[in-house]
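Encoded as structure tokens, the structure appears first; notes follow it.
Numbering (this note's numbering), first residue to last: 187 to 840.
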């Protein structure tokens, strides 16, 4: 049936079913041209035109007219677009299926113009952006195949320049081209050609990989000919698979490269178009934030923050997993453990359906080239392992901050607080964009979860996170004015479902006399090299009173530093607990920010509890104002930045 849709597009009655080409009723663009065939490359144009006519086998009386049409169309297009002709542009192959329709010259030119400008890249030449982009797409879905071709120094423009420039008509049989174009043009999606090329390579991966000992030229020749193996019966599967891969690809691929197609003469920005230096597919910050809010199937990202620990602690994306890229050189064994933990966490988050889950790994650096050098090494590590679905957050954490500032047109609001969390009271390591912006102490559910994950005690500890029973009513003692009641509510934590609310008998002896405790400089301890995590929080006593504190975690222990009210910047070492002594962790449905740790030993007779510690994962600044009348009244003002709207909850509460 030929190119039925295109045929209808140029019928005399203008009943146009093919809006994508938009050629219905177009005038004769060549009418203003004097017909001069005088370009420097005119002889080459004439030769290529004659070769095309010979291939199509027109009759003698038709051949000369068709050749004249082809040569005129190519010459006029070169003159009107100020383009130098080259056989590599594949224009004769674009004309090949159109010539079979036996159109008038003006209609033939309009169809040619529409296909070239809307459906083939503006720069379809060696080493152009289109081929760098396709290599990144191949690497994203088939890293092993991409790596094989890279080792052979075979870039996409070596084998698919004519695929892209002619929409496969250079190698496909005429009837296959007709069927392929009908389906392709119906989609009205220029980027679909990249996914059609991807499917062809993926489908022939085994035969490509089998050519390990073949020469580079032989492999290229084999690759070039793959489209010639297509048959009309393959078209439905070809397009179905292409759309599948398209659905598994970040939208940033097309949004960041819209200017690859079209007739715009505006030069591509160097920083936007130079994908030749990109390690992997870049993804925009807005897509990262939006993707994990979607309920339906689609690309979801598991974000990996590769900045140094001090920057991560000062502020990071709430759903991000921390993988310190410095460890790759400084401590390879710990880096290997962190990578293992990362993959395990990703797997478990997918199984649980967490908002932080995603099959696609997206690595985030600071956004400063000199600082992201180690992150690039981490990226290379994952790519060498042939890990699919690997991308990088374009612009890094700086771009994330700037985006959140930009969308908060009325000033800082909950949008920023929803996305950025801090596990440190210090923000000195942040860039100038951050100054005055991050001064929050939000709920750190995710931080606590990832902390346990990265310390490799996940298996022992996460399984114990559970809901506890309804709290027993208690009253805060009027004689106790040390610390501040937690939001004026009764105690909400118990040690276990089967127990009444515990007293502090276990640890009261060690906490009753502050003079006996070691006093330390908080920042000095935070900066200790063996401290892996710092979480500002509040220690919550059985009475309901809170004490601003800091949890510091090393590879083996968890320390609680209680801030000294009398000496700013100093704290008592309130407790020192071994991580392997954790027996149970519990939280409440109504107050999930409150977490109870029970320490002790497990034996055949059951768990023996030696210490109990309760913390609020919100670091609250408290100010106590006491007025003396007949009775002493303590008024507590608790200032807490709470997360509002969508937020991450990895501790699942029934």
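Just so you know, even glycine gets a beta-carbon here, dropped at the ideal spot from N, CA and C.
Is it buried or exposed for residue i, if we count other Cβ within 10 angstroms and need 16 for buried?
i	result
residue 715	exposed
residue 722	buried
residue 593	exposed
residue 395	exposed
residue 551	buried
residue 549	buried
residue 341	buried
residue 705	exposed
residue 443	buried
residue 508	buried
residue 283	buried
residue 760	buried
residue 842	The requested residue 842 is not part of the displayed model; the chain covers only 187 to 840.
residue 367	buried
residue 707	exposed
residue 734	buried
residue 847	Look at the range of the chain in this structure, 187 to 840, and you will see that residue 847 is not part of it.
residue 799	buried
residue 649	Note that residue 649 has pLDDT 38, beneath the 50 cutoff, so the model's placement of it is unreliable and the number below is only indicative. Label assigned to residue 649: exposed.
residue 559	exposed
residue 378	buried
residue 383	buried
residue 510	buried
Tell me which same chain residues have a C-beta within less than 7 Å of the C-beta of residue i, skipping the five on either side of it?
i	result
residue 461	315, 318, 319 and 322
residue 473	436, 437 and 438
residue 668	In this prediction, residue 668 scores a pLDDT of 41, lower than 50, which makes its location untrustworthy; the coordinate-derived value is nonetheless stated afterwards. These residues qualify, in order along the chain: 731.
residue 841	Lying before the first or after the last residue shown, residue 841 is absent from the chain, which here runs from 187 to 840.
residue 744	737, 763 and 765
Less than 6 Å between C-beta atoms, sequence neighbours within five positions excluded: which residues of the same chain meet that for residue i?
i	result
residue 278	234 and 238
residue 585	471 and 553
residue 363	283 and 355
residue 581	553
residue 794	786 and 787
residue 357	413 and 414
residue 796	785 and 786
Out of the options, state which residue places its alpha-carbon closest to the alpha-carbon of residue i.
i	options	result
residue 465	569, 547, 508 and 305	569
residue 499	531, 783, 720 and 794	720
residue 332	402, 368, 387 and 476	387
residue 502	398, 478, 489 and 523	489
residue 402	508, 313, 336 and 416	336
residue 209	296, 232, 248 and 258	296
residue 303	358, 375, 344 and 360	375
residue 131	230, 347, 269 and 427	The displayed coordinates of the chain run from 187 to 840. Any statement about residue 131 would go beyond what the structure contains.
residue 608	762, 495, 300 and 330	495
residue 574	467, 605, 520 and 519	467
residue 703	713, 749 and 519	749
residue 307	725, 512 and 445	445
residue 406	344, 425 and 370	344
residue 578	492, 526, 520 and 216	492
residue 250	232, 263, 262 and 265	232
residue 803	779, 791 and 796	779
residue 572	511, 325 and 712	325
residue 397	334, 423, 370 and 347	334
residue 404	339, 421 and 423	339
residue 583	512, 469, 514 and 522	469
With a CB to CB cut of under 8 Å and the five nearest residues on each side skipped, what residues in its chain are close to residue i?
i	result
residue 742	764, 765 and 766
residue 478	486, 487, 505, 541, 542, 543 and 544
residue 252	239, 242, 244 and 285
residue 589	471, 472 and 475
residue 236	253
residue 280	298, 301, 302, 306, 351, 352, 353 and 355
residue 229	none
Does the distance between the C-beta of residue i and the nearest non-hydrogen atom of the ligand GTP fall short of 7 Å?
i	result
residue 545	The ligand GTP is not part of the structure shown, which contains no ligands of any sort.
Practice prompt. Taking only runs that begin and end inside the segment 492-564, name each unbroken beta strand (DSSP E) of 3 or more residues, in chain order.
Written response: 546-550
Worksheet item: Counting pairs of beta carbons, one from the segment 346-366 and one from the segment 268-285, are three or more of them closer than 8 Å?
Response: yes
Discussion item. Please give the ranges of any alpha helix (DSSP H) in the segment 753-791, keeping only runs that are unbroken, at least 4 residues long and fully inside the region.
Written reply: none
Discussion item. What ranges does the alpha helix (DSSP H) occupy inside the segment 402-431, keeping only unbroken runs of at least 4 residues that lie completely in it?
Written reply: Runs of the alpha helix (DSSP H) lying entirely within the segment 402-431, each at least 4 residues long, are 402-410 in chain order.
Practice prompt. Examine the Cβ distances between the segment 418-436 and the segment 285-293 and report whether three or more of them are shorter than 8 Å.
Written response: Too few Cβ pairs lie closer than 8 Å, so no.
Discussion item. Under 8 Å: do the segment 767-783 and the segment 745-759 share three or more Cβ pairs, one atom per stretch?
Written reply: no
Discussion item. Three or more C-beta pairs under 8 Å: does that hold for the segment 558-576 against the segment 298-317?
Written reply: no
Worksheet item: Enumerated in chain order, which unbroken segments of the alpha helix (DSSP H) with a length of 4 residues or greater are wholly contained in the segment 220-306?
Response: 228-242, 246-267, 277-285 and 291-305
Fill in: Completely contained beta strand (DSSP E) runs for the segment 333-407, where each covers 3 or more residues
Under the rule that a run must span 3 or more residues, no beta strand (DSSP E) segment is found entirely inside the segment 333-407.
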